[in-house]
Each structure stands twice: as C-alpha cells, then as structure tokens.
Amino acid sequence: MIPTLISRLSKFFPTLFIAFFLLNWCSTGSAVTTIPDWKKSYLPKSDAWRKTAQHFVFNNSTEPDTIDPALVTGVPESRIADALFEGLISLDPKTLQPRPAIAESWKISDDGLRYTFYLRKDARWSNDTPITAPDFYQSWKRVLMPETGAAYAYQLFPVRGAEEFAKGQLDSFSDVGINVIDNHTLDVQLKSPCSYFLNLVAFHTLFAVPVNIIKKYGDRWVLPENIVCSGAFTLKSWKPRQKIELIPNPHYWDGKVCKLERVTVLPYDDLDTAYRLYLNGDIHWMPSIPVLKLDEIKRHPDYYAMPYLGSYFYRLNVTRAPFTDVRVRKAFSLAIDRKILTEHVLKGGEQPATWFCPPIGDYAPIKGLTYNRVRARELLREAGYGTDLKRLPDVEVLYNTSEGHKKVAEAIAQQWKDNLKVNVSLRNTEWKVLLNDMNTLNYQISRSGWIGDYGDPNTFFDMFVTGGGNNRTGWSSDRYDDLLQRSQLERDTAKRNQLFKQMEAILVEEEFPIIPLYIYVNKGLLRDSVYGWFENIRDLHSLKYVWLEE
Amino acid sequence: MGFRTILRKLQGDQFRYVVIRLIQAPVVLLLLITLSFFLMRFAPGGPFMLEQRTDPVIEQAIRAKYLLDKPLSYQYWSFVKDLLRGDLGPSFKHKNRTVNEIIAATLPHSIYLGVIATLLAAFLGIAAGLFSAIRHDTSVDYGLMACAVIGISLPTFVIGPLLQLSFSIYWQWFPLAGYEGMAKPSYIILPALSLALPFAGRIARLMRAGMLDVLNADFVRTARAKGLPETIVIFRHTIRGGILPVVSYLGPAIAQLVTGSLVVEKIFQIPGLGREFVEGALNRDYTLVMGTVIVYGALIILFNLLSDIMYGVLDPRVKYV
Numbered sequence: 000m001i002p003t004l005i006s007r008l009s010k011f012f013p014t015l016f017i018a019f020f021l022l023n024w025c026s027t028g029s030a031v032t033t034i035p036d037w038k039k040s041y042l043p044k045s046d047a048w049r050k051t052a053q054h055f056v057f058n059n060s061t062e063p064d065t066i067d068p069a070l071v072t073g074v075p076e077s078r079i080a081d082a083l084f085e086g087l088i089s090l091d092p093k094t095l096q097p098r099p100a101i102a103e104s105w106k107i108s109d110d111g112l113r114y115t116f117y118l119r120k121d122a123r124w125s126n127d128t129p130i131t132a133p134d135f136y137q138s139w140k141r142v143l144m145p146e147t148g149a150a151y152a153y154q155l156f157p158v159r160g161a162e163e164f165a166k167g168q169l170d171s172f173s174d175v176g177i178n179v180i181d182n183h184t185l186d187v188q189l190k191s192p193c194s195y196f197l198n199l200v201a202f203h204t205l206f207a208v209p210v211n212i213i214k215k216y217g218d219r220w221v222l223p224e225n226i227v228c229s230g231a232f233t234l235k236s237w238k239p240r241q242k243i244e245l246i247p248n249p250h251y252w253d254g255k256v257c258k259l260e261r262v263t264v265l266p267y268d269d270l271d272t273a274y275r276l277y278l279n280g281d282i283h284w285m286p287s288i289p290v291l292k293l294d295e296i297k298r299h300p301d302y303y304a305m306p307y308l309g310s311y312f313y314r315l316n317v318t319r320a321p322f323t324d325v326r327v328r329k330a331f332s333l334a335i336d337r338k339i340l341t342e343h344v345l346k347g348g349e350q351p352a353t354w355f356c357p358p359i360g361d362y363a364p365i366k367g368l369t370y371n372r373v374r375a376r377e378l379l380r381e382a383g384y385g386t387d388l389k390r391l392p393d394v395e396v397l398y399n400t401s402e403g404h405k406k407v408a409e410a411i412a413q414q415w416k417d418n419l420k421v422n423v424s425l426r427n428t429e430w431k432v433l434l435n436d437m438n439t440l441n442y443q444i445s446r447s448g449w450i451g452d453y454g455d456p457n458t459f460f461d462m463f464v465t466g467g468g469n470n471r472t473g474w475s476s477d478r479y480d481d482l483l484q485r486s487q488l489e490r491d492t493a494k495r496n497q498l499f500k501q502m503e504a505i506l507v508e509e510e511f512p513i514i515p516l517y518i519y520v521n522k523g524l525l526r527d528s529v530y531g532w533f534e535n536i537r538d539l540h541s542l543k544y545v546w547l548e549e
Numbered sequence: 000m001g002f003r004t005i006l007r008k009l010q011g012d013q014f015r016y017v018v019i020r021l022i023q024a025p026v027v028l029l030l031l032i033t034l035s036f037f038l039m040r041f042a043p044g045g046p047f048m049l050e051q052r053t054d055p056v057i058e059q060a061i062r063a064k065y066l067l068d069k070p071l072s073y074q075y076w077s078f079v080k081d082l083l084r085g086d087l088g089p090s091f092k093h094k095n096r097t098v099n100e101i102i103a104a105t106l107p108h109s110i111y112l113g114v115i116a117t118l119l120a121a122f123l124g125i126a127a128g129l130f131s132a133i134r135h136d137t138s139v140d141y142g143l144m145a146c147a148v149i150g151i152s153l154p155t156f157v158i159g160p161l162l163q164l165s166f167s168i169y170w171q172w173f174p175l176a177g178y179e180g181m182a183k184p185s186y187i188i189l190p191a192l193s194l195a196l197p198f199a200g201r202i203a204r205l206m207r208a209g210m211l212d213v214l215n216a217d218f219v220r221t222a223r224a225k226g227l228p229e230t231i232v233i234f235r236h237t238i239r240g241g242i243l244p245v246v247s248y249l250g251p252a253i254a255q256l257v258t259g260s261l262v263v264e265k266i267f268q269i270p271g272l273g274r275e276f277v278e279g280a281l282n283r284d285y286t287l288v289m290g291t292v293i294v295y296g297a298l299i300i301l302f303n304l305l306s307d308i309m310y311g312v313l314d315p316r317v318k319y320v
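The listed protein sequences correspond, in order, to chains C and X. Quick note, the first sequence lines up with residues 0 to 549 if you use numbering that gives the first Met the number 0. Quick note, the second sequence lines up with residues 0 to 320 if you use numbering that gives the first Met the number 0.
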C-alpha cells in the first residue's frame with residue numbers, strides 16, 4: 000500500500016520544470032528569492048490547486064485536552080498546537096531535518112554547549128506584534144515554572160540550570176542558561192552536549208506562546224476570543240466535541256506557503272462513524288482507523304501504512320519469580336515467533352522486531368535473537384524448570400483493555416503454552432490501572448509501547464536507566480547506565496550509534512528486561528486530492544504545506 | 000364525605016408526600032456525592048498518570064495545583080464548600096475549561112436530544128399501542144407488537160449504525176453524524192430515533208395493555224350502550240385511563256433518555272454530557288465525574304418525583320403513603 004502513496008506523490012515529478020517556471024511566474028519577485036530550495040520541492044508545481052476549495056477536514060479522533068503547546072502531551076493535541084504555534088526551529092516535513100522557522104539561522108559552538116539563535120525580523124504574532132527573543136525567554140521560563148504544571152518540562156532539561164529551576168532547587172531564573180542578547184538573538188547554554196537539542200527546540204513544548212496574553216486571561220487564553228498565535232494558522236472556533244476550525248494566520252512570516260483557507264478538525268472518537276463519514280466523502284484524512292475493519296479498509300485505494308517511530312513490547316517484572324532469572328526471561332523472548340504475530344494477527348504491515356529501538360536517521364538497529372524454541376527449552380532446563388524438574392510457575396500477562404492488545408496477548412500466550420509448556424493467563428485492566436500496576440511493579444508481564452518524542456534513539460534508550468520513571472521493570476544495570484551517559488556526552492554520530500547498539504544488545508540479547516515484539520506502522524486513509532502531505536516516521540504532517548487539488 | 004373533601008384530603012396527602020420527597024432528595028444526593036467522591040479517589044491510577052512518566056517533582060507541583068496533595072477529608076470538605084457556592088472546580092483533563100463550563104456546554108445538547116427522543120418515543124409508542132388495542136388480536140396488532148419487541152430488544156449500538164447505513168449512506172436523507180444544534184435539526188433525527196425506539200417499544204406495549212384494560216371496563220360498555228361513536232368512546236373516555244401506565248413510565252423514561260444517551264452520543268458524535276461522564280471516569284477527571292454525577296442524580300430524582308405527582312393528578316385512585 001505504501002507504493003500507492005509514493006506513486007501518488009511522485010506523479011508530479013515530470014512536470015517539475017514547467018512547475019518551477021510557473022511558480023516563478025505566479026509569485027511576486029521578492030517572495031521567490033526568500034523560498035529556499037528544500038522548501039520549493041514541497042510546494043505545488045502548478046496553479047491547478049486554485050480551482051479547488053481549500054477546505055481540509057480531518058478526524059483527530061479525540062477532543063483535545065488543551066491546545067496550549069507547553070501543556071500538550073498527546074498526539075491529537077500536538078496536531079493542533081503545531082498548526083497554531085511555532086518554535087525557533089521546525090522539522091522538514093519529509094526528512095525531519097531541522098529547518099529555520101522563527102529563527103532564520105543558528106550557531107552551535109565547537110564544544111556543543113552553546114546555541115545562538117538569530118530570529119527573523121519579520122516574525123509576527125497573529126495580533127501583528129513582533130515575535131522576539133524575550134518572547135522565547137518568557138515562554139521557556141513558563142514551561143519550567145512548577146505552577147505551570149507542564150508534564151513535558153523535561154524537554155528543556157539539557158539546558159544548564161533548567162532541571163534545577165523546575166525542581167525548585169534554583170531560586171532565580173537568571174541562573175538558567177537562557178539569555179536574551181538582543182531582541183532578535185537568543186543564547187542558550189547546555190549543561191552537557193546534546194546532539195538532539197535542535198529536535199527538542201522544534202518540539203511544541205518549546206514553542207513561542209504569548210506570555211502577556213496568558214497573564215491576562217489565565218487558563219482561558221487558548222479560547223478563540225483570546226488566543227494569539229505564532230504559527231501558520233489561528234483558531235477560528237472551538238466547539239468542544241463538535242469541531243475546531245483553523246484559518247490562516249494573516250501575519251505569519253511564511254504565509255505565502257500556506258494554501259489551505261480553512262481546516263476543520265473533527266474530534267470523532269467513534270472510528271466506525273468516522274470511517275463511514277470518510278466513505279461518504281466528508282473527511283480528507285483519517286490518521287486512525289477502526290482496527291477491526293482493517294481487512295476491509297486495506298482494500299481501499301486511499302489506505303496507507305507507513306513505518307512509525309514506535310515500538311510494541313512486553314515488560315517483564317524482574318523482581319518477581321520466575322523472571323528474576325535472566326535465563327527464563329531469555330527463554331520467553333526466544334519462544335515467540337513474531338512473524339506469526341505480524342502476518343496472521345496484526346496484518347497491517349507491522350515489522351516483527353527482536354530489537355527495541357526502531358531505525359532513526361543513521362541509527363540501524365541490531366538484529367537481536369530470533370525465534371528458537373529448542374534453545375528456549377534448554378534455557379528453562381538450565382534454570383531448573385522442566386517436566387522432571389520443578390514446574391514453571393504460572394504467568395500472567397497484563398494488558399489494557401482493547402481488542403488489538405487482546406489478540407496479540409492471546410497469540411503470544413498460545414506460543415508460550417506450546418513452546419514452553421507454561422500456563423499463561425491474561426488479565427485486562429483499564430489504562431490508568433495498568434499504568435498504576437506498572438509503576439508499582441504489580442505485574443509479571445505487561446503490555447507496553449513507546450512512541451519516540453524526538454528523532455533520536457536517546458528517546459528510547461533513556462527509558463531503562465536505573466530508577467528511571469519509565470523503566471517500570473525493576474531492572475538495573477551499571478554497564479547500561481554508563482553506556483547511556485557516554486552516549487549523551489558523545490558528539491560523534493557514528494560513535495554514538497555504536498553505544499546505542501551496545502545498549503540495545505544488553506536489552507535484547509543479554510538481560511531481557513523487555514521482550515520486543517514489533518515496530519509500529521501508522522495506518523490511515525488519505526484522499527487522493529490531498530497534496531503536500533508527506534510520509535515520515537513520526538507521523539508529523541505540517542498543515543502549512545498541505546493543499547487540495549481535485 | 001363529599002367529593003370536595005376527598006379532593007382536599009388527597010391534596011393534603013399529596014402535599015405532604017411532595018414535601019417529604021423534597022426533603023429526601025438532597026439527602027439522597029449528598030449520599031450519592033459522598034459515595035462517588037470516595038469511590039473515585041480509591042480507583043487505582045490518577046488524573047495525571049501518563050504513559051510518559053512525569054518527573055516526581057513536576058507531578059507534585061501539578062498535584063498541588065489541584066489540591067490533590069492535601070488529605071482526602073480536606074479535599075472532600077473543600078469540594079462540598081465549593082459545591083454550595085455552585086462551583087464544581089476546574090476539569091483535570093480539559094485544562095482550559097471548568098466543570099461548570101463543560102456541563103453548561105454539553106447538558107443542553109443532551110437535553111435537546113432527550114426531549115426530541117421522548118417526543119418521538121411517546122408519539123410512536125402511543126400511536127402503535129392505540130392501534131394495537133383497537134385492532135386487538137388482528138394482524139395489525141401482531142405486526143405492531145412484533146415491531147415493539149424488536150425495538151425493545153435491539154441495543155442502540157445496533158440500531159444506530161443500521162439507521163446510519165440506511166438513511167444516510169443508502170438514501171442520503173439525513174446527515175450521518177455530527178451536530179449543528181437547533182440550527183440544523185436534520186442532524187438530531189437519527190440519533191433521537193435510535194435513542195427513542197426501545198422506549199417507543201415499551202410505551203407501545205404499556206399503552207396497549209392500558210387501553211385493553213379500560214376498553215373492557217363497565218363505563219366504556221355504558222358509553223357504547225348510549226350509542227356514542229367509537230372515536231368519542233376511544234378519545235374521550237378510554238385514552239385518559241389507558242395512558243396511565245405510560246405516564247408512570249414516562250418520568251423515569253425521560254430521565255433515562257436524557258442521562259442514558261452516551262452510546263448514541265458516541266455513535267452520532269453528539270457533544271453531550273454522557274460522553275463526558277464516561278471519559279471523565281476513565282481519565283480520573285475527579286471534578287468532571289462529580290459534576291456529571293450531581294447533574295444526573297438531580298435529574299433522575301426530579302423526574303421520578305414529577306412522574307409520581309403527575310400520576311396522582313391523572314388517577315384519583317392513587318393514594319400517597
């Protein structure tokens with residue numbers, strides 16, 4: 000199905016030259032000179048789109064908790080926050096490389112500790128006031144202030160003093176490594192080199208928000224009547240559980256790129272209903288589809304499936320028998336044939352994985368240990384379990400209630416029963432109960448998943464640091480902690496990737512606090528009249544590039 | 000004892016009954032609030048527990064912002080105090096709205112849906128029951144009662160998509176889902192119908208039974224013997240008696256239609272209170288759940304009371320004890 004999308008996107012390449020000419024011809028002279036080459040390739044190659052009404056409708060699948068970029072934690076919320084606000088840096092819609100946004104350029108010092116951002120002079124808020132370096136200073140300060148309650152404040156922790164300030168150990172914000180040089184220059188000092196820092200700057204937690212407006216209206220500043228935006232769109236209306244409407248921000252510095260005249264964001268959480276609306280022609284894009292209808296939807300020409308920066312795995316509680324024994328953990332991982340899972344249970348093009356971290360940029364994962372039930376049984380015998388030895392205790396898989404997770408758990412339980420002769424029971428709980436049980440290590444095996452927050456393997460590997468909040472397995476390894484720390488200080492990409500591979504090997508070849516299962520794919524439906532929408536592993540689709548053409 | 004004294008005595012009884020019920024209501028509501036408050040807090044997991052584990056210090060700051068770091072008794076009393084001032088507090092999940100705002104925004108939609116559904120249910124049910132009773136033991140009767148049983152037994156999550164498939168996708172008469180308020184009533188027809196059908200079925204059966212009961216009564220035989228036309232016999236003399244079981248059922252039914260619409264709200268994506276209730280509970284949005292519990296509790300108590308009173312007004316035989 001991926002080829003359909005690619006062919007759809009690529010069918011315009013032959014017209015590239017004519018289009019290039021047209022683009023020059025139809026735009027004003029000054030505008031053309033400011034559009035960099037990388038961006039040109041994402042713009043329409045002809046004027047044909049002008050014949051189509053530029054009203055884009057997509058189903059966001061849920062009512063957003065908030066659209067305040069500092070507080071947003073979920074994907075549906077970030078789709079709106081990313082349209083309304085912008086940071087110093089934005090990511091290339093296709094390659095996810097850092098690109099200039101409100102900062103037109105930046106400089107990184109040789110030791111990697113100092114970042115200087117040069118803001119463009121024409122960046123303006125939607126109320127036509129300039130966006131300046133002090134705005135970013137105030138916005139970032141707000142993220143770190145405890146009373147803001149920003150769950151993702153740690154995105155700023157690479158900055159010197161930021162973590163201490165957020166935790167109340169530092170009284171004055173002036174000791175944090177964020178300094179305004181002048182109205183258009185922001186200087187940031189890190190506590191140690193952080194090779195993915197630009198990725199964090201492009202993340203919505205670090206976007207520019209209008210702090211004076213927030214002071215004036217409090218929590219209600221994001222309502223349509225109060226909001227002031229820094230991004231390509233502004234908020235026209237927000238009817239809870241009905242729809243959110245976005246219109247172009249007339250003062251956006253890159254407004255000439257924006258072609259959509261209206262965006263309707265539907266919060267429909269009944270995906271069956273949304274699918275019927277899609278079939279009816281009422282929706283352009285469905286980023287989530289009803290999984291139980293996958294067989295039917297896969298036959299639809301608009302269906303797409305693309306690799307995603309997410310890993311589906313099982314956590315093992317290493318503090319509870321029998322998983323205190325590494326040989327048992329390894330046996331349970333070896334006893335799963337993941338191909339059966341992806342090809343006969345999931346069927347959505349998921350990639351079976353015996354490794355944890357998906358490929359990101361230059362990082363290619365190690366292979367891990369593949370299915371080997373003979374070796375798995377040997378390992379159990381070595382651990383002292385077998386028909387003539389002591390009986391392997393019953394195990395329980397905990398998962399949050401969902402048809403999809405249930406099917407996966409059933410398939411895996413069956414394989415363990417067949418291959419290891421162990422009794423496996425399944426227990427489903429509500430999502431919050433699962434999180435609570437994981438946090439308190441009240442489980443044996445638990446269903447888990449992880450979606451990367453930024454395009455760097457660190458977002459996966461720092462989970463399993465000793466005592467880390469996302470570890471949730473009770474597992475700890477000095478060697479792993481040491482490798483992680485070294486990777487965070489290492490500036491050479493190749494060397495860093497080597498360190499990541501060593502960490503991966505500890506996770507999936509030696510210690511097995513987790514059992515990796517598969518790499519996610521993003522499945523959705525996209526009408527063929529939608530252009531400027533690009534595949535990427537983070538499922539980020541900047542609306543400012545999107546246009547419609549019948 | 001003359002007629003007037005009976006009436007006065009009855010009114011006295013009724014008055015006393017209403018007063019007692021009105022005193023009972025807040026007590027019941029307070030019990031409900033207290034029970035829900037503590038049940039909610041004892042559910043595992045909290046409103047700020049995310050898959051991405053929040054740093055303990057930051058989580059502490061967030062909890063302090065919502066008073067969750069205080070002892071439970073303190074939280075309870077502060078909730079009750081705020082409640083007496085009519086303030087239900089901020090929503091934990093929807094960070095830019097208060098619970099008062101959420102209820103004010105969603106309850107009217109649920110009431111609108113509930114009222115239209117009640118009207119549809121009453122109209123369809125009474126008409127079907129009436130015809131069945133008049134054409135008692137004929138194929139019309141059997142046909143209508145079969146429909147009623149189907150309506151009662153089919154769950155709304157089956158009726159809803161069936162209506163969508165037929166009326167929206169196949170015939171394209173009504174919008175498939177969505178909501179545009181009273182400005183575009185076409186959006187409310189299908190959801191109201193799916194909500195109404197099970198109730199219409201029950202009303203039809205009650206109406207039929209009630210009518211048959213009265214049609215065999217002596218005073219109806221007298222009316223017929225006087226040579227009155229059948230329409231007058233039916234509409235003037237029997238409906239008033241025959242409709243009584245329906246009236247007693249309508250009170251709880253309205254409450255159920257207004258408060259029990261969450262499945263229909265989800266299928267047709269109507270921004271009503273029912274979905275806030277369910278999602279609030281799943282998200283551990285304590286304040287939002289309390290707000291919806293109070294609204295639902297008050298509505299159910301109110302409609303049950305109203306239906307009891309109405310029953311007494313229509314049927315002089317009812318005694319209040």
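Idealized CB from N, CA, C, for every residue including glycine.
Closer than 8 Å at the beta carbon, the chain B residues around P270 of chain X: Among the protein chains in the structure shown, which are C and X, there is no chain B.
query: How about I202 of chain X and I125 of chain X: do their beta carbons lie closer than 8 Å?
result: Judged by their CB atoms, I202 of chain X and I125 of chain X are nearer to each other than the 8 Å cut-off.
field: Cross-chain neighbours of P145 of chain C in chain X, by beta carbon under 9 Å
entry: V56, I57, Q59, A60, I61, A63 and K64
Cutoff 8 Å: Y153 of chain C Cβ touching any chain X Cβ: yes
task: Using the DSSP secondary-structure output, state which residues sit across from N303 of chain X in a beta bridge.
output: Paired residue(s): none; N303 of chain X is not in a bridge.
message: So T53 of chain X contacts chain C; which residues on that side make the cut at Cβ distance below 8 Å?
response: A150 and G468
- prompt: By DSSP, does V246 of chain X sit in helix, in strand, or in coil?
  reply: helix
field: DSSP state of N399 of chain C mapped onto helix, strand, coil
entry: strand
- prompt: How about K225 of chain X: is its C-beta nearer than 8 Å to some C-beta of chain C?
  reply: no
- request: Name, please, each residue of chain X whose Cβ falls closer than 8 Å to the Cβ of V221 of chain C.
  value: N95
task: Output the residue ranges of the beta strand (DSSP E) runs that lie fully inside the stretch 39-85 of chain C and measure 3 residues or longer, sorted by chain position.
output: 54-58
field: 8 Å contact criterion, which L307 of chain C and L524 of chain C should meet: CB distance rounded
entry: Contrary to the premise, residue 307 of chain C reads as Tyr rather than Leu in this sequence. Not a contact, Cβ separation roughly 16 Å.
message: With a threshold of 8 Å between beta-carbons, can R426 of chain C be considered close to chain X, or not?
response: no
Contacting residues, own chain, Cβ-Cβ under 6 Å from A30 of chain C (five flanking each side not counted): Bear in mind that the predicted position of A30 of chain C carries a pLDDT of just 38, short of 50, making it unreliable; the figure below should be weighed with that in mind. If we look at A30 of chain C and ignore the five residues flanking it on each side, its Cβ neighbours are K255.
message: Residues of chain C with CB closer than 8 Å to the CB of M48 of chain X, please, in chain order.
response: K431, L434, N435 and N438
query: What does D218 of chain C touch in chain X if you count any residue whose Cβ is under 9 Å from its own?
result: P89, K94, N95, R96 and T97
query: Are at least three pairs of beta-carbons, each pair with one atom in the stretch 455-467 of chain C and one in the stretch 477-489 of chain C, less than 8 Å apart?
result: They touch, by the three-pair rule.
field: Among C:V208, C:E295 and C:P157, the one whose alpha carbon lies nearest that of D67 of chain C
entry: C:V208
Neighbouring residues, chain X, relative to L276 of chain C (Cβ below 7 Å): L175 and A176
task: Tell me, to the nearest whole angstrom, how far the beta carbon of S108 of chain C is from that of Y117 of chain C; I am working on the premise that it is less than 8 Å.
output: Taking C-beta atoms under 8 Å as the contact rule, S108 of chain C and Y117 of chain C fail to qualify, at a distance of about 14 Å.
message: Can you tell me whether G343 of chain X is buried or exposed? The criterion is at least 16 other CB atoms within 10 Å of its CB, across all chains shown.
response: Not covered by the structure: residue 343 of chain X. The range shown for chain X is 0 to 320.
message: Quick check: S565 of chain C and E402 of chain C, are their CB atoms within less than 8 Å of each other?
response: Given that chain C is displayed from residue 0 to residue 549, the structure contains no residue 565 of chain C and the question cannot be resolved.
task: Measure the alpha-carbon distance for G467 of chain C versus K69 of chain X and round it to whole angstroms.
output: 26 Å
- request: For chain C, find out if any of its Cβ atoms is closer than 8 Å to the Cβ of I102 of chain X; answer yes or no.
  value: Not one chain C Cβ lies under 8 Å of I102 of chain X.
task: Could you list the residues in the stretch 172-201 of chain X with a C-beta less than 7 Å from some C-beta on chain C, going in chain order?
output: L175, A176 and Y178
Nonlocal neighbours in the same chain, by C-beta distance under 8 Å from P133 of chain C, ignoring five residues either side: V179 and N182
- prompt: Got a sec: is the Cβ-Cβ distance from D67 of chain C to anything in chain X below 8 Å?
  reply: Yes, D67 of chain C lies at the interface with chain X (some Cβ there is under 8 Å from its Cβ).
Coil, strand or helix - L21 of chain C by DSSP: At L21 of chain C, the pLDDT of 42 sits below 50, so the modelled position is not reliable; the number obtained from the coordinates is stated separately. The three-state reading of DSSP puts L21 of chain C in helix, counting H, G and I together.
- prompt: Would you say T574 of chain C faces chain X, with C-beta separation under 8 Å as the test?
  reply: Examination of residue 574 of chain C is not possible in this model, given that chain C is present from 0 through 549 alone.
query: Is Y165 of chain C close to chain X, meaning its C-beta is less than 8 Å from at least one C-beta of that chain?
result: Just to set this straight, residue 165 of chain C is Ala in the shown sequence, not Tyr. For A165 of chain C, the answer is yes, since a Cβ of chain X falls inside 8 Å of its Cβ.
Chain-ordered neighbours of L281 of chain X on chain C, where CB pairs are closer than 9 Å: Within chain C, the residues E429, W430 and K431 have their CB atoms less than 9 Å from the CB of L281 of chain X, given in chain order.
field: Closest Cα partner of F312 of chain C within the set C:N198, C:Q96 and C:F459
entry: C:F459
- prompt: Around the Cβ of L205 of chain C, are there at least 16 other Cβ atoms within 10 angstroms (buried) or fewer (exposed)?
  reply: buried
message: Quick check on the burial criterion: 16 or more other C-beta atoms within 10 angstroms. Buried or exposed for I513 of chain C?
response: buried
Distance between Y178 of chain X and Y544 of chain C (C-alpha atoms, nearest Å): 29 Å
field: Whole-angstrom C-beta distance between Y362 of chain C and P456 of chain C, which should lie under 8 Å
entry: 5 Å
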